[in-house]
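Taken in order, these protein sequences are the chains called P and H. Letter 133 of the first sequence, counting from 1, is numbered 133 in this note's numbering, and no numbers are missing. Throughout, this note's numbering is defined as the position within the second sequence, counted from one, plus 1000. For reference, the structure discussed in these notes is given below.
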Amino acid sequence: MRDQVQKILEMADDELILGWRNSEWTGIAPLLEEDVAFSSIAQNEIGHARALYELAGRELGATADELAFDRQPEEYRCSRLVELRLVPDWAATIARHYLYEQADEERIAAFKQSDDPELAGLAAKIDREEAYHRMHAQMWFERLGDEPRLAAALEELRPLLEARGEHTPGFAGLWEEMTSVRRSLAGATW
Amino acid sequence: MTEQQVWDALDEIPDPEIPVISLVDLGVIRSVDVSRDQVRVEFTPTFLGCPALEVMRDAMAERISALGAEPEIQVVSDDSWSTDRITSKGREKLRASGFAPPAPREVGGPKLVQLQSNAFRCPYCGSQDTTLENIFGPTPCRSVRYCRSCRQPFEQFKTI
Chain P
1 MRDQVQKILE MADDELILGW RNSEWTGIAP LLEEDVAFSS IAQNEIGHAR ALYELAGREL
61 GATADELAFD RQPEEYRCSR LVELRLVPDW AATIARHYLY EQADEERIAA FKQSDDPELA
121 GLAAKIDREE AYHRMHAQMW FERLGDEPRL AAALEELRPL LEARGEHTPG FAGLWEEMTS
181 VRRSLAGATW
Chain H
1001 MTEQQVWDAL DEIPDPEIPV ISLVDLGVIR SVDVSRDQVR VEFTPTFLGC PALEVMRDAM
1061 AERISALGAE PEIQVVSDDS WSTDRITSKG REKLRASGFA PPAPREVGGP KLVQLQSNAF
1121 RCPYCGSQDT TLENIFGPTP CRSVRYCRSC RQPFEQFKTI
């Protein structure tokens, strides 16, 4: 059970942090369509994070907000891949999107087979939404084709996918930003 | 109080983002159980990140309280909601308001090649000469397409 909660937290942390990073394209993406797309994807990822934190929180006796925003930076279990601030590098953003969605598909497929009906059900729901993220990643992967900047970014980023535990240097800044409101208003209810 | 009375009351609650259809038309209410003064509703979210979920939940609780009963809204986060659950009345209302209703869900879910095909019909002129503009749109549940026949962009409900 403990192992399973850790796996759920890993995915929740990935989705939360990637949601934050994707939302950094809001307003400044190279095309208006991509402004809308990355904002929408970010919204979905953070929605998935919330549902996963709620599920883990029932085992851990914590709320989704407490798990998302009240932990210390070293307690987050996200992959180094999702932590990177890639704005304004579009090729690297598409490379990450493609790598992440592929790996996420496998993880979701495993969760769908879980003996825990709540986790299996939630994973099946998340999968239906992620299908659109995968189609979007596939579309851009095909569009950029053999663009050397995409190939270089894929090579550079791929090893970071499974790197967890030690954070990238930029994570501290993201954590500061992400948790500042709750830290400044301790005890406030929203 | 009967279950039908509760269903009728819930059918008066508009979707917060697309108010032309009701929550019942949207198919997000999985079950209604009435026992004495208590009403239990099982509610399935559309998209997990949809900000309208809390609004829907509160509106249902408020409406049930107004009927003089104690509401209990149980949120069920599994894949039991699909756009196939939108009623035919709901689909017609969507179309009449310029939202193309979702295509039926096929085994294995939607595919990119399908979205890029011309299988989707313009809600304004009925032409199938339409192209995909953006997989994503103004809310998580919609894509944006363009009709080459009447030269109008339109919003297409995603199949989930």
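Positions of the beta carbon are idealized from the N, C-alpha and C atoms, including for glycine. As the structure is a computational prediction, the values presented were derived from the model and not from experiment.
Nonlocal neighbours in the same chain, by C-beta distance under 6 Å from residue i, ignoring five residues either side
i: ALA137 (chain P); result: HIS97, TYR98 and GLU101
i: LEU1112 (chain H); result: none
i: LEU86 (chain P); result: ALA92 and THR93
i: SER1143 (chain H); result: ILE1135, GLY1137, GLN1156 and LYS1158
i: LEU1115 (chain H); result: LEU1132
i: SER1097 (chain H); result: VAL1020
i: THR1139 (chain H); result: GLU1017
i: TYR53 (chain P); result: ALA12, ALA64, LEU67 and ALA68
Contacting residues, own chain, Cβ-Cβ under 8 Å from residue i (five flanking each side not counted)
i: MET1056 (chain H); result: ILE1013, ASP1015, PRO1016, LEU1023, VAL1028 and PHE1043
Residue i and residue j closer than 9 Å at C-beta
i: PHE1157 (chain H); j: CYS1147 (chain H); result: no
i: GLY27 (chain P); j: ASP35 (chain P); result: yes
i: ARG1063 (chain H); j: ALA1009 (chain H); result: yes
i: ASP1084 (chain H); j: ALA124 (chain P); result: no
i: ARG1095 (chain H); j: PRO1123 (chain H); result: yes
i: GLU33 (chain P); j: ASN1134 (chain H); result: yes
i: GLN1074 (chain H); j: ARG1036 (chain H); result: no
i: PRO1051 (chain H); j: SER1077 (chain H); result: no
i: GLU10 (chain P); j: CYS78 (chain P); result: yes
i: GLN1128 (chain H); j: PHE1136 (chain H); result: no
i: MET1060 (chain H); j: VAL1034 (chain H); result: no
i: GLN43 (chain P); j: GLY1108 (chain H); result: no
i: VAL5 (chain P); j: ALA56 (chain P); result: yes
i: ARG80 (chain P); j: GLU166 (chain P); result: yes
i: ARG21 (chain P); j: LEU174 (chain P); result: yes
i: ILE193 (chain P); j: HIS133 (chain P); result: Residue numbering for chain P in the displayed model covers 1 to 190; residue 193 (chain P) lies beyond these limits and cannot be assessed.
Close Cβ partners of residue i (< 7 Å) along its chain, the five nearest in sequence each way excluded
i: ARG1091 (chain H); result: PRO1101
i: PHE111 (chain P); result: LEU119, ALA120 and ALA123
i: ALA37 (chain P); result: HIS136
i: GLN1038 (chain H); result: ALA1069, GLU1070 and GLU1072
i: PRO1110 (chain H); result: THR1159
i: ALA49 (chain P); result: ALA12, GLU15, LEU16, GLY19 and ALA68
i: ASP104 (chain P); result: GLU130
Identified DSSP bridge partners for residue i
i: ARG1039 (chain H); result: The question names Arg, but residue 1039 (chain H) is Val in the sequence shown. According to DSSP, VAL1039 (chain H) bridges with H:VAL1034 and H:PRO1071.
i: THR1131 (chain H); result: H:TYR1146
i: SER1014 (chain H); result: The sequence shown places Pro at residue 1014 (chain H), rather than the Ser named in the question. According to DSSP, PRO1014 (chain H) bridges with H:SER1022.
i: PHE1154 (chain H); result: H:ARG1145
i: PHE1222 (chain H); result: For residue 1222 (chain H) there is no data in the structure shown, the boundaries of chain H being 1001 and 1160.
i: ARG164 (chain P); result: P:SER79
i: ILE1029 (chain H); result: H:PHE1043
Can you list, in chain order, the residues of the stretch 1145-1160 of chain H whose Cβ is nearer than 7 Å to any Cβ on chain P? Taking 7 Å as the Cβ-Cβ cut-off, the stretch 1145-1160 of chain H approaches chain P at LYS1158 and ILE1160, given in chain order.
Give the residues from the stretch 1108-1125 of chain H that approach chain P closer than 7 Å (Cβ to any Cβ), ordered along the chain. When CB distances to chain P are screened at a threshold of 7 Å, the residues of the stretch 1108-1125 of chain H falling below it are GLY1109, PRO1110, LEU1112 and LEU1115, in chain order.
Could you tell me whether the stretch 63-83 of chain P touches the stretch 117-131 of chain P, using the rule of 3 or more Cβ pairs below 8 Å? The answer is no - the stretch 117-131 of chain P does not touch the stretch 63-83 of chain P, with fewer than three Cβ pairs under 8 Å.
Using a beta-carbon distance cut-off of less than 9 Å, what residues from the stretch 36-48 of chain P approach chain H? Listed in sequence order: VAL36, ALA37, PHE38, SER39, SER40, ILE41, ALA42, GLN43, ASN44, GLU45, ILE46, GLY47 and HIS48.
Contact list for the stretch 133-149 of chain P against chain H, Cβ threshold 7 Å: For the stretch 133-149 of chain P, the set of positions with a beta-carbon nearer than 7 Å to some beta-carbon of chain H reads MET135, HIS136, GLN138 and MET139 in chain order.
Members of the stretch 67-97 of chain P near chain H, C-beta cut-off 8 Å: Listed by position along the chain: nothing, the set is empty.
For the stretch 1124-1138 of chain H, which residues have a CB atom closer than 8 Å to at least one CB atom of chain P, in sequence order? Close to chain P, meaning a Cβ-Cβ distance shorter than 8 Å, are the following residues of the stretch 1124-1138 of chain H: GLU1133, ASN1134, ILE1135, PHE1136, GLY1137 and PRO1138.
At a CB distance below 7 Å, what residues from the stretch 173-188 of chain P approach chain H? Give them in sequence order. In summary, no residue of the stretch 173-188 of chain P has a CB separated from any CB of chain H by less than 7 Å.
What are the residues of the stretch 1065-1078 of chain H that lie near chain P, defined by any Cβ-Cβ distance shorter than 7 Å? Flagged, chain order: SER1077 and ASP1078.
When Cβ atoms are compared, which residues of the stretch 1087-1100 of chain H fall closer than 8 Å to chain P? Residues: none.
At a Cβ cut of 9 Å, what residues of the stretch 117-131 of chain P count as close to chain H, listed as they run along the chain? Residues PRO117, GLU118, ALA120, GLY121, LEU122, ALA123, ALA124, LYS125, ILE126, ASP127, ARG128, GLU129 and ALA131.
Output, in sequence order along the chain, the residues in the stretch 51-66 of chain P whose CB is closer than 7 Å to any CB in chain H. Taking 7 Å as the Cβ-Cβ cut-off against chain H, the residues of the stretch 51-66 of chain P that qualify are ALA51.
Below 8 Å between beta carbons is the criterion; list the residues of the stretch 1001-1019 of chain H that meet it against any residue of chain P, in chain order. Of all residues in the stretch 1001-1019 of chain H, none has a Cβ within less than 8 Å of some Cβ in chain P.
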